[in-house]
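Colleague: Have a look at the structure that comes next, please.
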Amino acid sequence: MSLNAKLRWSVFTLVIITGLGLYAAGPWPNTKDVQRAPLPQQISVASCPRERTEPWKVPALEHIVSIAYQGGWLVAIDSEGRTWSYLAQPSEGCAGAPQRVYMGRHAGDEDPSSTRMHKIASSASEAIGLSNDGRVVRWYNDRVNDACPHGSRQPGTCQDRIADVRRDMTDVSRSHEHLLAVDREGAVWSEGMNDCGQLGRFDGQGQFSPESRGYGRVPGLPKITAVATGSRYSAALDEEGRVWGWGNLSTSWALAGGIYHAEPMAPLCRPAGRSAMGLDETPHVLPMQVTGLPPVRLIDMFQNFVLAIDRDGHPWAWGYDECGVTGRDPKALAAQVTFQRQPQRIEGMPSLLAVSAGVRHALFLDKNGVVWATGNDGAGQLGAMVPRHTDPRQCASSEELGADENYSEVPVKVPSLPPIVGIAAGRDRSAALDRDGHVWIWGRNR
């Protein structure tokens, strides 16, 4: 072997031995210590969180004065009376973008004469609210970015399906199948489906008719200040603090967050009807005073239970107690009594300013700006860690049958929020409005 060959072989052997020694000595260098050029971040829409279990501030929604959930959309009014619609849908950055709702026909620049909104209400379907001159206005959040059908075909934000139903209204509420409105004289008007008597009026011959009907006045009520609608139930608050109810609150289709419900517009009540749990499922047309309540100053309802705050700031609830939303543990009760016929006070919170009913959870706002919550937490809509209950019969998943979801019948504080002045609960999501006009959301994100 030549001298050069021997030299090359010696160098090669030394490299191999040194490498083996380093491998045996280990460990390998930490990748954090290795300087590398940063890679551009690619955010996949599919990676956007399905739930937000902690409150998150919505970007680009500022100077907001009022919020409500309408279907899966969050609707907001700003300090100028302009209306915004927001869906935290999957998008680049996982944020989505608020959309301006123009109460006119043309897209593009703002129309100075466009309708300004004064009040918006929770709704299970279309968006609804009151203009600043007392008109009932309805629109569709999922169509605010459609191309305008009249004149210009350029895409933009426009509305051509507004229905100015009546003027001089002071309150409005809409379920999926019916609507209530209060005029300045304190009279209640109703329209829509009437299968459970939720319109509160008979036909021209004084007979009950389950068919859908146009606008008409609800007779037999004192002067009313506020109304609330559930799936097949109507509630009204009079100026003396009494609560009145008609229709049917105990239809069993509402159980499990609407999993077992019939098709939209399908009649649910029937004469002498009884549910599988032995509950009344007959129509009740005549408004009746809800007994067992002290004087009340506000009411709220979204689907199958009613919330109220009395004049001392105490919360009350009645209706279905799914997931402990009314403050009672359904796991400790027989299935036959998960429906709470009489109002019961919810304990464990200081004096309250506001309540908001979702489908199976509720939000409460106390006088110190703190938000509390009860009910289902399957999507993080309570915003707090709650004990896990394992009785799927009492709190079945809204997403799939047979599963079970966390819930709390004990009011829990929603953490990580600044001082709050407004709240809104939806189907499986929650929102709050802080003192600076910013909106915070948590729960189902898409």
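Under the working numbering, residues 1116 to 1561 are what the sequence shown spells out, in order.
From the three backbone atoms N, C-alpha and C, an ideal C-beta is built for every residue, glycine too.
1. Rounded to whole angstroms, how far is the Cβ of Glu1292 from the Cβ of Gly1307, which I believe are closer than 8 Å?
2. Exposed or buried, which one is His1178 when buried takes at least 16 other CB atoms within 10 Å?
3. For Gln1418, tell me which candidate among Leu1364, Val1333, Arg1231 has the shortest Cα-Cα distance.
4. Going by alpha carbons, who is nearest to Glu1195 out of Gln1459, Tyr1201, Ser1181?
5. Apart from the five residues on each side of it in sequence, which residues of its chain come closer than 6 Å, Cβ to Cβ, to Asp1193?
6. Give the DSSP-derived three-state secondary structure of Ser1346 in the structure shown.
7. Count the other CB atoms within 10 Å of the CB of Asn1560; is the residue buried (16 or more) or exposed (fewer)?
8. If I measure Cβ to Cβ from Gly1428 and keep anything under 6 Å in the same chain, skipping five residues before and after, which residues do I get?
9. Rounded to whole angstroms, how far is the Cβ of Met1403 from the Cβ of Trp1359, which I believe are closer than 8 Å?
10. How many whole angstroms separate the CB atoms of Gly1498 and Glu1166, which I take to be in contact at a CB cut-off of 8 Å?
11. Who are the near neighbours of Trp1304 in its chain, counting only those whose CB is closer than 6 Å to its CB and skipping five residues on each side?
12. Measuring alpha carbon to alpha carbon, tell me which of Pro1164, Ala1239, Tyr1255, Trp1361 ends up nearest Trp1109.
13. Just the Cα atoms here: how many angstroms apart are Val1536 and Gly1388?
14. Is the beta carbon of Gly1407 closer than 7 Å to that of Gln1455?
15. Whose CA, out of Arg1231, Trp1188, Lys1234, lies closest to the CA of Gln1214?
16. So, for Asp1298: in the same chain, excluding its five sequence neighbours on each side, which residues have a beta-carbon less than 6 Å away from its beta-carbon?
17. Pop quiz: Trp1361 and Gln1313 are said to be a contact at Cβ under 8 Å. What is the actual Cβ separation, rounded to whole angstroms?
18. Within 10 Å of its beta-carbon, does Asp1248 have 16 or more other beta-carbons around it, so buried, or fewer, so exposed?
19. For Ile1131, does the three-state DSSP call read helix, strand or coil?
20. Under the three-state reduction of DSSP, which class applies to Ser1545: helix, strand or coil?
21. Nearest-angstrom Cα distance between Leu1245 and Phe1479?
22. Since Tyr1351 and Leu1336 are thought to touch, with beta carbons under 8 Å apart, how far apart are those beta carbons, to the nearest angstrom?
23. Can the beta-carbon of Val1474 be found closer than 7 Å to that of Leu1532?
24. Quick one: what's got a C-beta closer than 7 Å to Val1527's C-beta in the same chain, skipping five residues either side?
25. Apart from the five residues on each side of it in sequence, which residues of its chain come closer than 7 Å, Cβ to Cβ, to Gln1150?
26. Ends of the beta strand (DSSP E) at Tyr1330?
27. Taking the alpha-carbon positions, what's the Gly1484 to Ile1556 distance?
28. Is it buried or exposed for Asp1318, if we count other Cβ within 10 angstroms and need 16 for buried?
29. By how many angstroms is the C-alpha of Ser1290 removed from the C-alpha of Pro1325?
30. So, with DSSP's three-state summary, where would you put Glu1396?
31. With a cut-off of 8 Å on the beta carbons, I'd call Pro1398 and Asp1310 a contact; round off their distance for me.
32. Answer yes or no: do Val1440 and His1476 have a C-beta to C-beta separation smaller than 7 Å?
33. Between which two residues does the beta strand (DSSP E) carrying Ile1182 extend?
34. Per the DSSP calculation, Ser1523 is bridged to which residue(s)?
35. Classify Gly1393: buried if its beta carbon has 16 or more other beta carbons within 10 angstroms, exposed otherwise.
36. Identify which residue in Leu1202, Leu1413, Ala1210 has its Cα closest to the Cα of Pro1174.
Modeller: Put simply:
1. In the sequence shown, the residue the question calls residue 1292 occupies position 177. In the sequence shown, the residue the question calls residue 1307 occupies position 192. At roughly 5 Å, the Cβ-Cβ gap stays under 8 Å, so Glu1292 and Gly1307 are in contact.
2. The residue labelled residue 1178 in the question sits at position 63 within the sequence shown. Flag for His1178 reads exposed.
3. Taking the sequence shown and counting its residues from 1, one reaches residue 1418 at position 303. Ranking Leu1364, Val1333, Arg1231 by Cα distance to Gln1418 puts Leu1364 first.
4. Here the question's residue 1195 lines up with position 80 in the sequence shown. Residue Ser1181 is the option with its Cα nearest to Glu1195.
5. One-based indexing of the sequence shown puts residue 1193 at position 78. So the list reads His1178, Ile1179, once near-sequence residues are dropped.
6. Here residue 1346 refers to the residue found at position 231 of the sequence shown. Three-state DSSP puts Ser1346 in coil, outside helix and strand.
7. Position 445 of the sequence shown holds residue 1560. When all chains shown are included, Asn1560 counts as buried.
8. In the sequence shown, residue 1428 corresponds to position 313, counting from 1. Only Ser1466, Leu1467 meet the Cβ criterion.
9. Locating residue 1403 in the sequence shown gives position 288, counting from the first residue. Locating residue 1359 in the sequence shown gives position 244, counting from the first residue. The pair is a contact, with the Cβ atoms about 7 Å apart (cut-off 8 Å).
10. To locate residue 1498, count along the sequence shown from 1; it is residue 383. To locate residue 1166, count along the sequence shown from 1; it is residue 51. That belief does not hold up - the Cβ atoms of Gly1498 and Glu1166 are roughly 11 Å apart, past 8 Å.
11. The residue labelled residue 1304 in the question sits at position 189 within the sequence shown. Result list for Trp1304: Ala1296, Tyr1330, Arg1332, in chain order.
12. Only positions 1116 to 1561 of the chain appear in the structure, and residue 1109 is not among them; the question remains open.
13. One-based indexing of the sequence shown puts residue 1536 at position 421. One-based indexing of the sequence shown puts residue 1388 at position 273. Spanning the two alpha carbons is a distance of roughly 43 Å.
14. Counting from one through the sequence shown, the residue named residue 1455 turns up at place 340. Counting from one through the sequence shown, the residue named residue 1407 turns up at place 292. Going by C-beta atoms, Gln1455 is not nearer than 7 Å to Gly1407.
15. Working through the sequence shown from its first residue, we reach residue 1214 at position 99. Checked all of Arg1231, Trp1188, Lys1234; the closest Cα to Gln1214 is Trp1188.
16. Taking the sequence shown and counting its residues from 1, the one referred to as residue 1298 is at position 183. Same-chain partners within the cutoff: Asp1283, Met1284.
17. The sequence position of residue 1361 within the sequence shown is 246, counting from 1. The sequence position of residue 1313 within the sequence shown is 198, counting from 1. That pair is a contact at about 7 Å.
18. Translated into positions along the sequence shown, residue 1248 becomes position 133. Burial call: exposed.
19. For the purposes of this step, residue 1131 is taken as the residue at position 16 of the sequence shown. Only weak support exists for where Ile1131 lies, its pLDDT of 43 falling under 50; the value from the coordinates is given anyway. Of the three classes helix, strand and coil, the one that applies to Ile1131 here is helix, per DSSP.
20. In the sequence shown, the residue the question calls residue 1545 occupies position 430. Of the three classes helix, strand and coil, the one that applies to Ser1545 here is strand, per DSSP.
21. Residue numbering aside, residue 1245 sits at position 130 when the sequence shown is read from its first letter. Residue numbering aside, residue 1479 sits at position 364 when the sequence shown is read from its first letter. Using only the alpha carbons, I get a separation of about 24 Å.
22. On the sequence shown, position 236 is the one that residue 1351 refers to. On the sequence shown, position 221 is the one that residue 1336 refers to. The question names Tyr, yet the displayed sequence has Ala at residue 1351. Sure, about 6 Å apart at Cβ, within 8 Å.
23. Residue 1474 sits at position 359 when you count from the first residue of the sequence shown. Residue 1532 sits at position 417 when you count from the first residue of the sequence shown. Cβ atoms of Val1474 and Leu1532: not closer than 7 Å.
24. Indexing the sequence shown from 1 puts residue 1527 at position 412. Cβ neighbours of Val1527 beyond the five flanking positions: Trp1487, Ala1488, Leu1497, Ala1499, Val1501.
25. Within the sequence shown, the letter at position 35 stands for residue 1150. With a pLDDT of only 40 at Gln1150, under the threshold of 50, the placement of this residue in the model should not be trusted; the figure read from the coordinates follows. Contacts found: none.
26. Mapped onto the sequence shown, residue 1330 falls at position 215. That run of the beta strand (DSSP E) goes 1328-1332.
27. Taking the first residue of the sequence shown as 1, we reach residue 1484 at position 369. Taking the first residue of the sequence shown as 1, we reach residue 1556 at position 441. Each residue's Cα considered, the two are about 16 Å apart.
28. As a position in the sequence shown, residue 1318 is number 203, starting the count at 1. Its Cβ having fewer than 16 others within 10 Å, Asp1318 is exposed.
29. The sequence position of residue 1325 within the sequence shown is 210, counting from 1. The sequence position of residue 1290 within the sequence shown is 175, counting from 1. So the alpha carbons of these two residues sit roughly 16 Å apart.
30. What you label residue 1396 is simply residue 281 of the sequence shown in a count that begins at 1. If DSSP states are grouped into helix, strand and coil, Glu1396 belongs with coil.
31. By one-based count along the sequence shown, residue 1398 stands at place 283. By one-based count along the sequence shown, residue 1310 stands at place 195. Rounded, the Cβ-Cβ distance is 7 Å, consistent with contact.
32. Numbered from 1 along the sequence shown, position 325 holds the residue referred to as residue 1440. Numbered from 1 along the sequence shown, position 361 holds the residue referred to as residue 1476. Yes. Within cutoff.
33. On the sequence shown, residue 1182 is found 67 positions in, with the first residue counted as 1. It spans 1179-1185 - the beta strand (DSSP E) in which Ile1182 sits, taken as one unbroken run.
34. Here residue 1523 refers to the residue found at position 408 when the sequence shown is read from its first residue. Partner(s): Gly1490.
35. As a working note, residue 1393 is residue 278 in the sequence shown. Label assigned to Gly1393: exposed.
36. Here residue 1174 refers to the residue found at position 59 when the sequence shown is read from its first residue. Cα-wise, what sits closest to Pro1174 is Ala1210.
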